[in-house]
Amino acid sequence: MISSLFRARKPITQIAQIVPINPQVSQKLTPIPPSSNLTKTHVPNCPIAKTLQGFYRIVHFQPSPPSFQIPDELENLELPSTVDVMRERVEFLQKLGLSSDDINEYPLMLGCSVRKNMIPVLAYLEKIGIPRSKLGEFVKNYPQVLHASVVVELVPVVKFLRGLDVEKQDIGYVLQKYPELLGYKLEGTMSTSVAYLVSIGVNPRDIGPMVTQYPYFLGMRVGTVIKPFVDFLVSLGLPKMILARMLEKRVYLLGYDLEETVKPNVDCLISFGIRREVLASVVAQYPQILGQPLKAKMSSQQYFFSLKLKIDPEGFARVIEKMPQIVSLHQHVIMKPVEFLLGRGIPSEDVAKMIVKCPQLIALRVELMKNSFYFFKSEMGRPLKELVEFPEYFTYSLESRIKPRYQRLQSKEIRCSLKWFLNCSDQRFEERLQGEYIETETPGPLFCMGGKLELPGNEMVSDEEDESDDEVLYRRTVSL
């Protein structure tokens with residue numbers, strides 16, 4: 082990495098305190114006295130003149146003690162020998178889009194030759210995919226790149242990223258997000274972070290997409306950042322393989338501060354009644370919960386559930402255990418299916434029971450619920466108490482599961498509960514139809530995690546109803 086000395090916020094006028102000048106070079110420079118016409122007469126408000134004047138004050142400082150060691154990063158600085166050279170560099174940087182303030186933030190960029198340093202580096206950055214219009218912003222964010230050797234430093238990093246399966250067209254995007262990658266040593270932090278993630282089960286082929294999504298993890302130290310995060314989640318009961326799948330899809334989880342955010346959020350879940358034995362399931366279903374402002378959200382939702390839905394704190398905890406995405410769901414979205422159920426004549430206390438038993442109800446589209454309810458009443462002719470007992474009915478697809486299976490039951494004149502003919506695979510349903518008795522019902526799996534929330538019948542929250550981002554819930558069912 083470039084020395085922290087380069088990050089010092091020193092104005093150009095103070096560069097003399099940082100950079101010792103070769104006496105042979107200082108003899109070539111013509112000091113600009115304070116009373117110079119350049120300062121008072123010709124261009125009093127010209128940023129370039131002020132920058133030049135400040136930079137050339139370096140010739141007035143006293144030589145450094147013999148014991149002073151020049152950092153390696155400064156050895157190759159090519160300080161301008163004339164005002165014209167300095168002016169050329171300043172004007173080149175300003176044409177690139179940098180202001181005088183930007184240059185003052187990192188005055189050592191003026192030690193880079195336009196032809197030897199700036200042009201080759203910028204040409205290479207453009208070649209690997211950084212748009213010319215973004216080069217100024219790139220240099221502003223990471224000015225140390227101007228000191229880099231294209232062949233010795235930049236090319237190896239790009240080859241390393243390509244070796245991780247980062248697509249060629251994504252290289253520029255990755256470096257714009259995290260330009261500091263160009264300053265890391267390949268055999269150091271970047272290699273060890275990748276090796277550790279692979280060791281816990283991350284698929285090597287997923288490393289490239291992970292880098293594209295969140296390149297910052299390449300700069301995280303294994304011993305102080307990544308491993309403590311992994312160890313903590315494993316201590317909650319989360320299997321490493323499941324954690325690996327989570328990181329493949331959401332590597333940005335590694336950016337959550339363990340001590341300041343993750344651990345307090347886990348403590349918050351416990352304080353709201355979430356049982357320790359299901360914490361792993363909660364995190365696996367909704368990993369983003371680790372980085373939310375959780376206490377405020379949980380408090381707000383718990384109060385809302387108590388006031389509007391008549392669900393007590395214990396019931397609220399059971400709801401969060403089954404569907405933790407609810408902490409981020411807007412309350413007006415929650416009320417839509419609730420009002421639908423109340424409007425169908427189901428008592429409020431029964432609606433509360435249905436939600437505690439099947440929280441997915443409050444993520445369904447009302448239009449789809451209407452169709453399923455109409456079929457339930459008009460075609461099946463069953464009492465409402467069956468819906469109260471099995472609210473999951475609304476989560477199944479009417480056209481692909483409910484209707485076809487009900488028609489098969491009718492053809493065989495079989496009378497059974499909603500759960501018996503809906504809560505099973507197609508193969509199991511066929512086996513049940515061939516059986517001579519109705520077997521005991523067993524609960525299905527509850528452990529879920531990952532991507533977009535796909536309810537059993539695919540009736541998910543729609544993007545067509547102007548919902549905000551946090552009204553779109555995420556989950557993918559996985560087998561353990």
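So for the sequence shown, our numbering puts the first residue at 82; every next one is plus one.
C-beta atoms are modelled at their ideal positions from N, C-alpha and C, and glycine is treated no differently.
Of the candidates 493, 494, 483, 483 places its Cα closest to the Cα of residue 505. If you check the CB distance, residue 294 and residue 332 come in under 8 Å. With a cutoff of 8 Å on beta-carbon distance, residue 359 and residue 370 are scored as not near each other. Sorting 455, 400, 402 by C-alpha distance to the C-alpha of residue 421 places 455 at the top. Counting only residues of its own chain and dropping the five nearest sequence neighbours on each side, residue 404 has a CB closer than 7 Å to the CB of 440, 441. Of the candidates 486, 491, 266, the residue whose Cα lies closest to the Cα of residue 509 is 486. Using a 10 angstroms sphere on the CB of residue 267, the tally of other CB atoms stays under 16, which defines it as exposed. In the displayed model, residue 229 falls within coil according to three-state DSSP, outside both helix and strand. For residue 494, the three-state secondary structure derived from DSSP is coil.
Contact between residue 262 and residue 217 is ruled out by a C-beta separation of about 19 Å, above the 8 Å threshold. 8 Å or more divides the Cβ of residue 373 from the Cβ of residue 429. Judged by DSSP in its simplified three-state form, residue 447 adopts helix. Linking residue 488 to residue 412 through their CA atoms gives a straight-line distance of about 37 Å.
Collapsing the DSSP output to three states places residue 316 in a helix. DSSP places residue 426 in the coil class of the three-state scheme, outside both helix and strand.
Proximity of the stretch 180-187 to the stretch 199-211 falls short of the contact definition, fewer than three beta-carbon pairs being nearer than 8 Å.
Under the criterion of beta carbons closer than 8 Å, residue 346 and residue 324 do not qualify as touching, at roughly 16 Å. Beyond the five residues adjoining it in sequence on each side, residue 199 comes within less than 7 Å, by CB distance, of 173, 193, 227 in the same chain, given in chain order. Taken through DSSP and simplified to helix, strand or coil, residue 271 comes out as helix. Inside the stretch 434-478, DSSP marks whole alpha helix (DSSP H) runs of 4 or more residues at positions 447-456, 465-470, from first to last along the chain. In this structure, residue 443 lies away from residue 401, with their beta-carbon atoms at least 8 Å apart.
One thing to note: residue 210 has its Cβ within 8 Å of the Cβ of residue 253.
Annotation for residue 306: no residue places its beta carbon closer than 6 Å to its own, counting only its chain and skipping 5 residues before and after. In the structure shown, residue 349 adopts helical secondary structure according to DSSP, grouped into three states. Spatial neighbours of residue 499 in its own chain (CB-CB distance under 7 Å, excluding positions within 5 residues in sequence) are listed in chain order as 467, 471, 474. Taken through DSSP and simplified to helix, strand or coil, residue 212 comes out as coil. A direct Cα-Cα distance of roughly 16 Å separates residue 431 from residue 415.
Boundaries of the alpha helix (DSSP H) around residue 185: 181-186. The shortest C-alpha to C-alpha distance from residue 208 to any of 189, 236, 222, 223 is the one to 236. Taken in chain order, the whole alpha helix (DSSP H) runs of length 4 or more contained in the stretch 235-280 are 236-244, 252-258, 272-280. Take the alpha-carbon of residue 284 and the one of residue 433: they are about 42 Å apart.
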